[in-house]
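Undergrad: Here it is, the structure, as structure tokens.
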Amino acid sequence: MKKDTIRVLFVGNSFSYYYNLPEVVNEMSAYSDKVYIDTRHSLVGGSNLSQHLKGENGTETLNILAKKKFDYVVLNHHSLATIKEADTFYETSKKMVKMLRKVVDKNDPMQGTARTADINGYSVIGKTGTAVKVSKTSKGYSKDVMTVFVSAYPEEKPEYLLLVMIDEPKAIPSKGYFKSDSGWNAVPTAGTIIKRIGPILVSKNYNIALNVK
6 MKKDTIRVLF VGNSFSYYYN LPEVVNEMSA YSDKVYIDTR HSLVGGSNLS
56 QHLKGENGTE TLNILAKKKF DYVVLNHHSL ATIKEADTFY ETSKKMVKML
106 RKVVDKNDPM QGTARTADIN GYSVIGKTGT AVKVSKTSKG YSKDVMTVFV
156 SAYPEEKPEY LLLVMIDEPK AIPSKGYFKS DSGWNAVPTA GTIIKRIGPI
206 LVSKNYNIAL NVK
């Protein structure tokens with residue numbers, strides 16, 4: 006079976022080349038029966054997008070684009086922008102925190118995927134993730150997944166961070182868990198942990214934690 010080819014150019018700095026992201030993406034496509042991802046890159050440490058556009062700091066992005074057509078271009082901004090543009094970074098961070106709260110807030114009309122981690126009094130924020138695993142016996146993907154839920158609280162000034170990752174969770178319809186994605190396992194697990202350990206972290210009183218229902 007002939008694969009379709011997608012050409013992708015990575016433009017940026019060490020955030021993309023440090024772990025050789027273009028090659029990783031290229032090798033991942035080997036497990037697909039339908040798509041081959043042909044990757045190229047223009048990655049120079051410490052470069053921002055303006056320098057790529059102007060051909061500064063040893064970047065070759067314009068020359069690469071002039072010689073070859075790409076279906077997608079992945080842009081990675083300067084890795085120190087959060088320091089040099091602190092005000093913009095701070096305002097953007099506040100907006101992202103509000104978005105992450107919507108994922109968890111059980112009263113939000115959008116009905117996010119992490120509502121079972123919305124423990125009263127903790128104002129939890131977070132993001133779910135479900136990845137389909139590569140097949141161990143053949144090319145392509147299996148039916149198994151790995152799920153993750155990253156959370157923090159409280160929303161106003163996050164002090165605690167919790168990561169829950171579950172490898173190959175299974176649906177248990179008899180107990181009300183009808184799917185295997187993150188919202189059905191990693192999220193409620195995180196909710197239980199926060200509910201139990203939250204009082205300990207806040208009060209340092211184990212007896213209070215033991216009485217939480």
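Residue numbers (this note's numbering): 6 to 218.
Note that the Cβ used here is the ideal one computed from N, Cα and C, for glycine as well.
1) What are the partner residues of Tyr165, as DSSP defines its beta bridges?
2) Apart from the five residues on each side of it in sequence, which residues of its chain come closer than 8 angstroms, Cβ to Cβ, to Ala122?
3) Select from Leu58, Tyr22, Lys175, Arg12 the residue whose C-alpha is nearest the C-alpha of Asp76.
4) Is it buried or exposed, Gly145, if we count other Cβ atoms within 10 angstroms and call 16 or more buried?
5) How is Val217 classed by DSSP in three states: helix, strand or coil?
6) Opposite Arg45 in the DSSP bridges: which residues?
7) Could you tell me whether the region 68 to 83 touches the region 46 to 53, using the rule of 3 or more Cβ pairs below 8 angstroms?
8) Where does Ala71 land, buried or exposed, given buried means 16+ other C-beta within 10 angstroms?
9) What does a CB cutoff of less than 6 angstroms around Gly60 pick up in its chain, not counting 5 residues either side in sequence?
10) In or out: Pro178 buried (at least 16 other Cβ within 10 Å) or exposed?
11) For the beta strand (DSSP E) that Tyr127 lies in, which residues bound it at each end?
12) Grouping DSSP H, G and I as helix and E and B as strand, with all else coil, what is Tyr24?
13) Output the distance between the C-alpha atoms of Asp9 and Gly203, rounded to the nearest integer angstrom.
14) Identify the residues that DSSP records as bridge partners of Thr133: which are they?
15) Within 8 angstroms: the Cβ of Val109 and any heavy atom of the ligand FAD?
16) If I'm right that Met115 touches Lys107 with Cβ under 8 angstroms, what's the distance once you round it to whole angstroms?
17) Once DSSP output is grouped into helix, strand and coil, what is the label at Ser147?
18) Going along the chain, which residues of its own chain have a beta-carbon closer than 8 angstroms to the beta-carbon of Arg4, five neighbours each way excluded?
19) Measuring CB atoms only, is the region 137 to 151 touching the region 86 to 97, in the sense that at least three cross pairs come out at less than 8 angstroms?
20) So what does DSSP say about Lys138, is it helix, strand or coil?
21) Which of the three DSSP states is assigned to Asp220 in this structure?
22) In terms of residue numbering, what span does the alpha helix (DSSP H) encompassing Leu105 cover?
23) Along the alpha helix (DSSP H) that carries Leu54, what are the first and last residues, could you check?
TA: The structure says:
1) Tyr158
2) The beta carbon of Ala122 sits closer than 8 angstroms to those of Val109, Val129, Gly131, Phe154, Ser156, Val192, Pro193, Ala195, Gly196, Ile199, all from its chain and outside the five residues before and after it, given in chain order.
3) The option with the nearest alpha carbon to Asp76 is Arg12.
4) exposed
5) Low per-residue confidence applies at Val217: pLDDT is 49, beneath 50, and the placement is therefore not dependable, though the value from the model is reported in the following sentence. Val217: coil per DSSP, three-state reduction.
6) Arg45 is bridged to Leu14.
7) yes
8) exposed
9) Hits under 6 angstroms: Leu67.
10) That one is exposed.
11) Premise fails: Tyr127 is in no beta strand (DSSP E) and is neither H nor E.
12) coil
13) 50 angstroms
14) Phe154
15) Among the components modelled here there is no ligand, and therefore nothing to report on the ligand FAD.
16) 6 angstroms
17) strand
18) Past the boundaries of the shown model lies residue 4; the chain is included only from 6 to 218, so the question cannot be answered.
19) no
20) strand
21) The structure shown has nothing for residue 220, since the chain only spans 6 to 218.
22) 91 to 109
23) 54 to 59
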